[in-house]
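Residue numbers (numbering that gives the first Met the number 0), protein chains in the order written: chain A, 0 to 266; chain B, 0 to 381; chain C, 0 to 178. Following: one structure in structure tokens, then a few remarks.
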Amino acid sequence: MAVKDFIRERFFPHIWCAGCGHGIVLNSLLRAVESLGMSKNEIVMVSGIGCSSRISGYLDFHTLHTIHGRALAFATGVKLSRPELNLIVPMGDGDALAIGGNHFIHAARRNIDITAIVMNNRIYGMTGGQFSPLSGCGIMATTAPYATVDQGFDVVELSRAAGATFVARSTTYHVQQLTKLLREAILHEGFSVVEVLTQCPTYFGRRNKQGGAVEMMNWFKDHTTPVGSKAKAENPDLIERGIFVQKDLPEYCKAYDQVIERAQKGK
Amino acid sequence: MKSNVKFVQGNEACVEGAIYAGLKFFAGYPITPSTEIAEALSARLPQVGGKFIQMEDEIASMCAIIGASLTGHKVMTATSGPGFSLKQEALGYAVMAEIPCVVVNVQRGGPSTGNPTHVAQGDVMQARWGTHGDHAIVAMTASNHQDVFAVTVEAFNIAETYRTPVVLLFDEVVGHMREKLVIPAPGEIPLVERLHTSVPGGVDYHPYLPREDGRLPMSDFGGVHRYNVTGLFHDMWGFPSDNPGVVHGLLRHLVDKIENNTYQMARYKEFCLEDADTVLVSYGSSARSALHVVRNRRARGERLGLLELQTLWPFPAAIVREKCARARSVVVVEMNTGQIMREVKAAVSDPERVFLANRIDGTLITPTDIRNILRLIQGRGV
Amino acid sequence: MERCRIVFSGSGGQGVITAAILLAEAAVIEEGLNAVQTQVYGAAARGGATRSDVIVAEEEIFFPKVLQPNVLVCLTQEAYNKFYPIIRPGGMLITDPRYVKIETKVDARQRELEMFRAVMDRIGKPIVFNICMLGAVIRLTGLIRPESVMKMLERRLPPAFMDMNRQALQIGIELAEAA
Numbered sequence: 000m001a002v003k004d005f006i007r008e009r010f011f012p013h014i015w016c017a018g019c020g021h022g023i024v025l026n027s028l029l030r031a032v033e034s035l036g037m038s039k040n041e042i043v044m045v046s047g048i049g050c051s052s053r054i055s056g057y058l059d060f061h062t063l064h065t066i067h068g069r070a071l072a073f074a075t076g077v078k079l080s081r082p083e084l085n086l087i088v089p090m091g092d093g094d095a096l097a098i099g100g101n102h103f104i105h106a107a108r109r110n111i112d113i114t115a116i117v118m119n120n121r122i123y124g125m126t127g128g129q130f131s132p133l134s135g136c137g138i139m140a141t142t143a144p145y146a147t148v149d150q151g152f153d154v155v156e157l158s159r160a161a162g163a164t165f166v167a168r169s170t171t172y173h174v175q176q177l178t179k180l181l182r183e184a185i186l187h188e189g190f191s192v193v194e195v196l197t198q199c200p201t202y203f204g205r206r207n208k209q210g211g212a213v214e215m216m217n218w219f220k221d222h223t224t225p226v227g228s229k230a231k232a233e234n235p236d237l238i239e240r241g242i243f244v245q246k247d248l249p250e251y252c253k254a255y256d257q258v259i260e261r262a263q264k265g266k
Numbered sequence: 000m001k002s003n004v005k006f007v008q009g010n011e012a013c014v015e016g017a018i019y020a021g022l023k024f025f026a027g028y029p030i031t032p033s034t035e036i037a038e039a040l041s042a043r044l045p046q047v048g049g050k051f052i053q054m055e056d057e058i059a060s061m062c063a064i065i066g067a068s069l070t071g072h073k074v075m076t077a078t079s080g081p082g083f084s085l086k087q088e089a090l091g092y093a094v095m096a097e098i099p100c101v102v103v104n105v106q107r108g109g110p111s112t113g114n115p116t117h118v119a120q121g122d123v124m125q126a127r128w129g130t131h132g133d134h135a136i137v138a139m140t141a142s143n144h145q146d147v148f149a150v151t152v153e154a155f156n157i158a159e160t161y162r163t164p165v166v167l168l169f170d171e172v173v174g175h176m177r178e179k180l181v182i183p184a185p186g187e188i189p190l191v192e193r194l195h196t197s198v199p200g201g202v203d204y205h206p207y208l209p210r211e212d213g214r215l216p217m218s219d220f221g222g223v224h225r226y227n228v229t230g231l232f233h234d235m236w237g238f239p240s241d242n243p244g245v246v247h248g249l250l251r252h253l254v255d256k257i258e259n260n261t262y263q264m265a266r267y268k269e270f271c272l273e274d275a276d277t278v279l280v281s282y283g284s285s286a287r288s289a290l291h292v293v294r295n296r297r298a299r300g301e302r303l304g305l306l307e308l309q310t311l312w313p314f315p316a317a318i319v320r321e322k323c324a325r326a327r328s329v330v331v332v333e334m335n336t337g338q339i340m341r342e343v344k345a346a347v348s349d350p351e352r353v354f355l356a357n358r359i360d361g362t363l364i365t366p367t368d369i370r371n372i373l374r375l376i377q378g379r380g381v
Numbered sequence: 000m001e002r003c004r005i006v007f008s009g010s011g012g013q014g015v016i017t018a019a020i021l022l023a024e025a026a027v028i029e030e031g032l033n034a035v036q037t038q039v040y041g042a043a044a045r046g047g048a049t050r051s052d053v054i055v056a057e058e059e060i061f062f063p064k065v066l067q068p069n070v071l072v073c074l075t076q077e078a079y080n081k082f083y084p085i086i087r088p089g090g091m092l093i094t095d096p097r098y099v100k101i102e103t104k105v106d107a108r109q110r111e112l113e114m115f116r117a118v119m120d121r122i123g124k125p126i127v128f129n130i131c132m133l134g135a136v137i138r139l140t141g142l143i144r145p146e147s148v149m150k151m152l153e154r155r156l157p158p159a160f161m162d163m164n165r166q167a168l169q170i171g172i173e174l175a176e177a178a
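Encoded structure:
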């Protein structure tokens, strides 16, 4: 199947700004899905609210565009009631980790087989550029005119601590790696998280004097390094890319099958 | 001893009704006084091949059942006041996206944490208007366990028929009280199953295009039709639209599909109304006290009757008007500051003959409380 | 049969609520009567004053709470002091002298039964104290048969515990007969 067969062409052009990284994530995701040879009927995409969440409308899967922050909770209901389906949940940084932070850590704790993609542009785009829990300190935003004093989350460490069994990170610059990581995440049986550093030139880049999309992507190139590289040892400020966690633990729906078995044995 | 006779709490009667109706997925979070529903379903659902999940909060529970409903299952969540507040946004989503689901609220004293282990009926208006935006909703209640069972089954039937969330508004007394429940034989109460589309794969399916009879056939997630579900205003394919015609049409449809069927959804019971010059209007556990008074006073020759409402929303105004038409006075018995009384006043021709007998202290209103109000209305003093 | 309104009271962990449920359940399932059981819920799972109301009748029961019991069981002094004023004049008030010192001014037939001591002397397990109390209640009220209670216990308990419970129920019945 060609990549084009996965999209709902009549809804293009998309709503994202010129230079936005979300289209690159969409591209990588489609290539990953294509390489897996899955039927479109087996894939359910659940999203919340925000720029990134609009990704679901453009794709020819079963798509559930829900409410702000709760995509993983909806996805948990879909997955547990029909475990044979593949659940992909693209989220923005605010969607996933501010309003949806509780659902995020609990989905990870259960190790339910859902692929969570955190499209991290460090800003609330759809509402016009407010800081997010991933902005970090010293960031200018429409709700931080004197720069943020809030610390940011580290998505990788948070996911690891919460119990996710697959955790990876890449950027919109590293599209080959991103496609590979998304593919592995979808294949992984358990809760998988892929954090994608993506650019919002309109609100984040402009306000923080990071230039346009090209400069922002160059920044991803220059400030990231493969996991465990020598460069990281020499420069701790570099952001690591790659797979951080990959382990086999009982998946939630499979584990629940045991509950059913136990309940029916007593009958 | 017949095994279909049980002595259970109202919360368990609700569980048995839900299982009878074909419940296959429940998501919940512990909260008094509804917790027994989650506890019982954690045991019962896996026995019938269903799924129970304890979510991280009430919001997630509401969201999870909506997700599960889209895969073709009958779904439910249960909560109480504070949790019902948390569910409101997702409840509105279910209204907008037309997802069949049942939401139980075993009412306790509020606002806020209020009076967790004590009875109240203060969430009647919250059930009606709790989620934001114009919308219609279905809410039902019952006063005894046989009726709790029956309205629970009915809630699932209405949810499937009209593709809508249905709220079951029980209360602490009915939820916790134990009394007899006779489980009906399979088939004794008719069940409405999910209406699936007959449109074959490869042919354009419109998830939001009503048939001639008003029903909207569904297609399960995982099936041959891939479509979009959203909380945004949407067209007949489920894709977002802000076209004024589409927006108007959808909102009109969401309200009309419920309100135009008020009569079909109206469940109520009447006791001694034929010649009643005083009509009590009540629901839930308050109706037990009201019925106690009616039985006692009738034995003494007083012409007292009871209209017990089981469907609260859409409010069956025409039925209330008709049943109260000949009464000299109408007394609404409820445990709040008059939430249904205001509806009754709006329904009858002369609202000045409508009175309130209430109690808002976490104690079940007693027959004596009601008798005292009746004496005052009748000018006989307390 | 007359409508019977019973209030069971004591402290959390004494099995007061279990006894109330057993009585009402047996009345409904085994005796074909109507019964409702309610209880007062507090925040504490153990300790504190507990109360459970049971109404048993041949006709339907609507108002489910007991305002004026014709049978009142008080298993702690706290419960006695709190609830003896609500008893229906001439009603029956059952206590255990180990826990409760009764007032003389109460307009009720007060039955002081040494249930705890009898249970400890003859069975040695305080856990069946509530079943002994239930035996006394059903003997004094004549509401239901002891076999009906045993049937309810059979549904709940492993067979190994049945003897002990049967014995406790019997002790209660005997104490009531002697009273």
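Even glycine gets a Cβ: it sits at the ideal position worked out from N, Cα and C. As the structure is a computational prediction, the values presented were derived from the model and not from experiment.
Taking 8 Å as the Cβ-Cβ cut-off, the stretch 42-58 of chain A approaches chain B at V43, V45, S55 and G56, given in chain order. Judged by their CB atoms, V88 of chain A and I113 of chain A are nearer to each other than the 7 Å cut-off. By the rule that beta-carbons nearer than 7 Å mark a contact, K5 of chain B does not touch chain A. For P225 of chain A, the uninterrupted beta strand (DSSP E) run begins and ends at T223 to P225, by DSSP. At a cut-off of 7 Å between C-beta atoms, Q36 of chain C counts as an interface residue with respect to chain B. Taking a C-beta distance under 7 Å as the contact criterion, T70 of chain B and V45 of chain A do not qualify as a contact pair. Within the stretch 30-61 of chain B, the residues whose Cβ lies closer than 9 Å to any Cβ of chain C are, in chain order, T31 and P32. Rounded to the nearest whole angstrom, the C-alpha separation of T224 of chain A and N85 of chain A is 30 Å.
Rounded to the nearest angstrom, the gap between the Cα atoms of G244 of chain B and L231 of chain B is 14 Å. Within the stretch 127-202 of chain A, the complete beta strand (DSSP E) segments at least 3 residues long are 165-170 and 191-196, listed from N- to C-terminus. Beta-bridge annotation (DSSP): M91 of chain C is paired with C:V70 and C:R108. Ranking B:T261, B:S281, B:V101 and B:V123 by CA distance to the CA of G108 of chain B puts B:V123 first. Taking 7 Å as the threshold, the shortest C-beta distance from I86 of chain C to chain B does not fall below it. For L272 of chain B, there are no neighbours in chain C by C-beta distance under 8 Å, as the nearest C-beta there is about 17 Å away.
For the options B:R43, B:L363 and B:L208, the alpha carbon positioned closest to that of R261 of chain A is the one of B:R43. With its beta carbon at least 7 Å from every one in chain A, H247 of chain B lies outside the interface.
With respect to chain B, the C-beta atom of K81 of chain C has no partner C-beta closer than 7 Å.
Among the residues of chain B, none has a CB under 9 Å from the CB of S191 of chain A; the nearest is roughly 18 Å distant. With its beta carbon less than 7 Å from one in chain B, S80 of chain A belongs to the interface.
Think of a sphere of 8 Å around the beta carbon of M176 of chain B: the chain C residues whose beta carbon falls inside it are V35, Q36, T37 and P63, in chain order.
The beta carbon of K256 of chain B is closer than 7 Å to those of Y161 and G213 in its chain, skipping five residues each way along the sequence. Closest option to I182 of chain B, judged by alpha-carbon separation, among B:G380, B:Y207 and B:V7: B:V7. Beta-bridge partners of F354 of chain B (DSSP): B:V330. Restricted to the stretch 59-96 of chain A, the beta strand (DSSP E) segments that are unbroken, complete and at least 3 residues in length are 61-64 and 85-91, listed in chain order.
The stretch 53-67 of chain C and the stretch 102-112 of chain C do not touch, with fewer than 3 CB-CB distances between them shorter than 8 Å. When Cβ-Cβ separations below 7 Å define contact, Y207 of chain B makes no contact with chain A. Residues of the stretch 187-202 of chain B with a C-beta less than 7 Å from any C-beta of chain A: none at all.
Non-local C-beta neighbours of K220 of chain A in its own chain, meaning closer than 6 Å and more than five positions away in sequence, comprise Y172, ordered along the chain. Within chain B, the residues whose beta carbon sits less than 9 Å from that of G41 of chain C are T116, listed in sequence order. The C-beta separation of S285 of chain B from E211 of chain B comes to about 41 Å, leaving the pair out of contact by the 8 Å criterion.
For N227 of chain B, the pairing in a beta bridge is given by DSSP as A:T62. Only buried fits Q106 of chain B, as 16 or more other CB atoms lie within 10 angstroms of its CB.
Annotation: Cβ neighbours of A23 of chain C in chain B (cutoff 7 Å, chain order): F6 and R177. Interface flag for A63 of chain B against chain A is set, since a Cβ pair is found closer than 7 Å. By the Cβ neighbour-count rule, H21 of chain A is buried, with 16 or more other Cβ atoms within 10 Å of its own. Here T37 of chain C carries a strand assignment [DSSP, helix/strand/coil].
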